[in-house]
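Chemist:
Chains as they are written, first to last, in the numbering used here: chain G, 6 to 438; chain L, 8 to 257.
1) Measuring only the C-alpha atoms, how far is residue 70/G from residue 191/L?
2) Under 8 Å Cβ-Cβ, which residues of chain G neighbour residue 170/L?
3) With 8 Å as the threshold, decide whether the Cβ of residue 230/G is near any Cβ in chain L.
4) Counting only the same chain and skipping the five closest in sequence on each side, list residues whose C-beta sits under 6 Å from that of residue 136/G.
5) Taking C-alpha atoms, which residue in 267/G, 160/G and 247/G lies nearest to residue 64/G?
6) Anything in the region 368–385 of chain G with a Cβ closer than 8 Å to a Cβ of chain L? List those residues in chain order, please.
7) If we call anything under 8 Å between Cβ atoms a contact, is residue 1/G one with residue 84/L?
8) Compute the Euclidean distance between the alpha carbons of residue 237/L and residue 42/L, then round it to the nearest angstrom.
9) Would you list, in sequence order, the uninterrupted alpha helix (DSSP H) runs of no fewer than 4 residues that lie entirely inside the region 341–375 of chain G?
10) Say whether chain G places a C-beta atom closer than 8 Å to the C-beta of residue 256/L.
11) Please tell me whether residue 79/L has its Cβ less than 8 Å away from any Cβ of chain G.
12) Note down, one range per segment and in chain order, each alpha helix (DSSP H) of at least 4 residues found wholly within the region 44–97 of chain G.
13) Got a sec: is the Cβ-Cβ distance from residue 238/G to anything in chain L below 8 Å?
14) State the DSSP-derived secondary structure class of residue 150/G, mapped to helix, strand or coil.
15) Would residue 425/G and residue 335/G qualify as a contact pair, given that the criterion is a beta-carbon distance under 8 Å?
16) Can you name the start and end residues of the beta strand (DSSP E) that residue 34/L belongs to?
17) Is the beta carbon of residue 15/L closer than 8 Å to that of residue 64/L?
18) Using a cut-off of 7 Å between C-beta atoms, extract the partners of residue 122/L located in chain G.
19) From which residue to which residue does the beta strand (DSSP E) around residue 426/G run?
20) Measuring alpha carbon to alpha carbon, tell me which of 49/G, 23/G, 25/G and 22/G ends up nearest residue 35/G.
21) Which chain L residues sit within Cβ distance under 9 Å of residue 157/G?
22) Applying a beta-carbon distance threshold of less than 8 Å, which residues of chain G neighbour residue 74/L?
23) Verify whether the separation of the beta carbon atoms of residue 240/G and residue 116/G is less than 8 Å.
24) Report yes if the CB atom of residue 102/L is closer than 8 Å to the CB atom of residue 147/L, and no otherwise.
25) Take residue 316/G as the anchor and find which of 229/G, 343/G, 188/G and 355/G has the nearest alpha-carbon.
26) Could you tell me which residues DSSP puts in a beta bridge with residue 177/L?
27) So what's residue 487/G in DSSP terms, helix, strand or just coil?
28) Could you name the residues of the region 336–357 of chain G whose beta carbon sits closer than 8 Å to any beta carbon of chain L, in the order they occur along the chain?
29) Could you tell me whether any Cβ in chain L is nearer than 8 Å to the Cβ of residue 212/G?
30) Given a limit of 7 Å on CB to CB distance, which residues of the region 413–431 of chain G reach chain L?
31) If you measure between the beta carbons of residue 82/L and residue 52/L, is that distance less than 8 Å?
32) If you measure between the beta carbons of residue 251/G and residue 105/G, is that distance less than 8 Å?
33) Taking the C-alpha atoms as reference points, what is the distance between residue 257/L and residue 160/L?
34) Would DSSP call residue 163/L helix, strand or coil?
35) Tell me, please, whether the CB atom of residue 196/L is closer than 8 Å to any CB atom in chain G?
36) Could you tell me whether the Cβ of residue 143/L comes closer than 8 Å to any Cβ of chain G?
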């Protein structure tokens with residue numbers, strides 16, 4: 006029921022154009038504030054992941070299809086884009102680099118037609134299992150046919166080989182900034198297109214099939230057909246994301262169709278919140294932050310991502326988007342003041358527990374992976390001797406205190422929270438629009 | 008012409024025979040009630056007609072066309088719609104969206120992903136009209152999952168009639184309702200099935216005798232009587248098998 010409550014609040018209905026305009030402006034202006042090479046890399050990958058995660062959510066959130074093999078479509082799209090890029094470089098294909106994602110999208114969609122025909126005959130768990138199987142199959146095939154997939158090393162290309170954009174000689178997509186803008190344009194276009202799709206007969210019927218496939222059959226819809234069409238469209242957008250990957254990295258390998266990628270996009274969509282259109286956008290940003298930015302600082306980034314994911318699923322199963330909207334709703338009803346103190350308590354104790362966790366993880370990683378560098382590691386700039394019991398005891402103590410205090414404050418918070426939610430629900434019930 | 012025609016319809020689950028050779032013809036425009044004790048096979052019969060289950064033998068015709076063992080969505084497109092004994096709606100969509108989804112196919116919008124739903128005036132108007140007819144106007148933007156039970160039943164009927172089907176199957180439309188709710192539901196059903204063929208399974212004899220032009224009695228998967236309410240009331244076999252005990256209970 007918690008999930009049902011959330012969706013009744015939709016502040017995004019006003020000024021859709023304002024929101025899209027603002028989004029586009031944000032994409033355009035970001036490099037002015039984050040112009041460093043690393044920031045550009047990060048933002049480029051976020052843009053790609055946004056498209057990928059949104060395409061995934063066309064299945065998970067909108068059609069109720071849990072896929073474990075979505076990277077098949079983005080990955081195959083990327084391979085086709087890369088081959089096209091090499092043809093362009095060789096002069097045997099006359100096609101602008103900027104439109105490569107379209108080729109990738111069509112390739113993705115084509116495989117959506119073929120594989121989707123098999124997978125979407127079933128829904129629910131059988132669907133999930135078949136996608137897992139197809140994912141493994143394509144991954145295995147990618148290593149079996151080195152001619153097309155390039156074997157272990159993958160295939161590489163040169164994105165600057167094509168004719169410059171609009172005939173302007175400096176627009177060759179050599180600089181990362183130009184690639185960023187190319188990604189930004191595709192990303193905004195795809196976001197708008199995928200959002201528009203949610204407001205079409207097919208998009209709405211997909212929701213109906215998600216909620217109750219049997220009922221959908223009895224109002225005249227072939228649910229297999231609905232799922233198939235949604236999967237084809239979804240793999241088209243996934244293919245576009247793959248094409249952008251090919252341009253961004255100039256290399257595509259078996260890793261692009263792997264289960265790791267498929268799992269990643271599932272994680273991103275879930276972290277952001279599959280019940281909302283914009284959820285996966287948040288999820289993609291957070292996911293790329295973990296996998297690209299955090300991995301610069303620590304080898305344990307995957308562990309942190311895992312812990313973050315588990316925590317989120319436990320305490321906010323609706324994802325970041327639901328968390329955000331629930332709080333906005335509390336604010337709208339002017340009840341946020343009552344949550345302020347509980348929030349401070351919960352956040353401070355959560356931070357303490359997180360600090361303890363980070364210390365433990367980093368110490369352990371140092372002992373198991375970096376033994377060659379001696380027993381002393383630096384945590385937050387403070388040297389710590391992993392050979393001595395001191396840091397370990399401290400870490401465990403901080404974690405324990407934080408976790409216990411967190412549990413105490415969390416209960417208090419949960420009480421306050423549900424009280425407020427019930428008040429709001431009652432008000433809504435008594436004042437139907 | 009007959010709206011529905013069942014000839015020798017049988018259904019077995021494994022070795023259990025649930026429906027044992029039913030012949031039934033329901034003329035167009037009739038309001039027909041199917042009654043019988045629990046477990047007699049009434050709901051199974053509905054599931055066979057609407058394509059949810061395949062028949063073991065026999066044929067079913069809808070407006071003269073054979074629909075035996077066709078898929079539910081095909082049967083629906085040929086003009087038959089049904090409701091369910093256990094409420095079967097789209098819980099996470101608003102009441103309005105539930106009804107709009109239900110009108111899309113019949114208005115020819117099908118699987119369109121190039122049309123803006125909010126600009127489809129025909130679908131919107133039809134959904135609004137349905138909202139009004141099933142009395143859920145004030146709940147237009149409420150999520151269907153949050154409606155009261157009686158409201159969900161009304162929505163279910165709204166979804167069922169939305170596509171303009173000529174034959175409507177209602178499976179215990181007033182089950183679990185209070186007397187007042189039930190009375191309102193009967194008025195609503197009478198109104199929305201005007202000019203269509205109605206077949207319903209119902210336990211409440213007040214509802215059955217108030218609505219039905221003809222009644223069929225199913226016992227142990229067989230049709231033991233079919234006739235006007237007066238004929239059924241006077242039928243000795245029916246009295247013995249079903250009505251007697253039931254009349255005492257109510």
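Every residue gets a Cβ at the ideal spot worked out from N, C-alpha and C, and that includes glycine.
What you are looking at is a predicted structure, and each value in this text was computed from that prediction instead of being measured.
Modeler: Inspection of the coordinates gives the following:
1) Roughly 39 Å between the two C-alpha positions.
2) Residues of chain G passing the Cβ test: 224 and 225.
3) At least one chain L Cβ lies under 8 Å of residue 230/G.
4) Counting only Cβ-Cβ distances below 6 Å, and skipping sequence neighbours, we find 72, 73, 74 and 124.
5) The residue with the shortest Cα to Cα distance from residue 64/G is 267/G.
6) If the cut-off is 8 Å between Cβ atoms, the region 368–385 of chain G has nothing near chain L.
7) Lying outside 6 to 438, the shown extent of chain G, residue 1/G is not represented and no answer is given.
8) Per the coordinates, the alpha-carbon of residue 237/L lies some 14 Å from the alpha-carbon of residue 42/L.
9) The qualifying runs are 341–374.
10) Note that residue 256/L scores a pLDDT of 43, beneath 50, so its modelled location is shaky; the value from the coordinates is reported in the next line. With respect to chain G, the C-beta atom of residue 256/L has no partner C-beta closer than 8 Å.
11) Interface residue (Cβ-Cβ distance to chain G less than 8 Å): residue 79/L is classified as such.
12) Runs of the alpha helix (DSSP H) lying entirely within the region 44–97 of chain G and spanning at least 4 residues, in chain order: 76–95.
13) Taking Cβ atoms only, chain L reaches closer than 8 Å to residue 238/G, which makes this a yes.
14) Shown here, residue 150/G sits in coil according to DSSP, grouped into three states, outside any helix or strand.
15) A Cβ-Cβ contact shorter than 8 Å links residue 425/G with residue 335/G.
16) Boundaries of the beta strand (DSSP E) around residue 34/L: 23–34.
17) For residue 64/L and residue 15/L, yes; Cβs fall inside 8 Å.
18) Within chain G, the residues near residue 122/L are 205 and 206.
19) Note, residue 426/G: premise wrong, no beta strand (DSSP E); alpha helix (DSSP H) at 394–435.
20) Residue 49/G is the option with its Cα nearest to residue 35/G.
21) From the beta-carbon of residue 157/G, no residue of chain L is found nearer than 9 Å; the closest lies around 39 Å away.
22) Under the 8 Å cutoff, chain G gives no residues; its nearest Cβ is about 13 Å from residue 74/L.
23) Contact annotation: residue 240/G and residue 116/G have beta-carbon atoms nearer than 8 Å.
24) Yes.
25) Nearest C-alpha to residue 316/G: 355/G.
26) Paired residues: 207/L.
27) Missing from the structure shown is residue 487/G; chain G here goes from 6 to 438 and no further.
28) Those residues of the region 336–357 of chain G that come within reach of chain L (Cβ to Cβ, closer than 8 Å) do not exist; the list is empty.
29) Cβ-Cβ to chain L under 8 Å: yes for residue 212/G.
30) Residues of the region 413–431 of chain G with a Cβ closer than 7 Å to any Cβ of chain L: none.
31) Going by C-beta atoms, residue 82/L is not nearer than 8 Å to residue 52/L.
32) Using a Cβ distance threshold of 8 Å, residue 251/G and residue 105/G count as a contacting pair.
33) Note on residue 257/L: pLDDT 43, under 50, position unreliable in the model; the coordinate value appears next. Roughly 22 Å separates the two Cα atoms.
34) Residue 163/L falls in the helix class under three-state DSSP.
35) Taking Cβ atoms only, chain G never reaches closer than 8 Å to residue 196/L, which makes this a no.
36) For residue 143/L, not one C-beta of chain G is nearer than 8 Å to its own C-beta.
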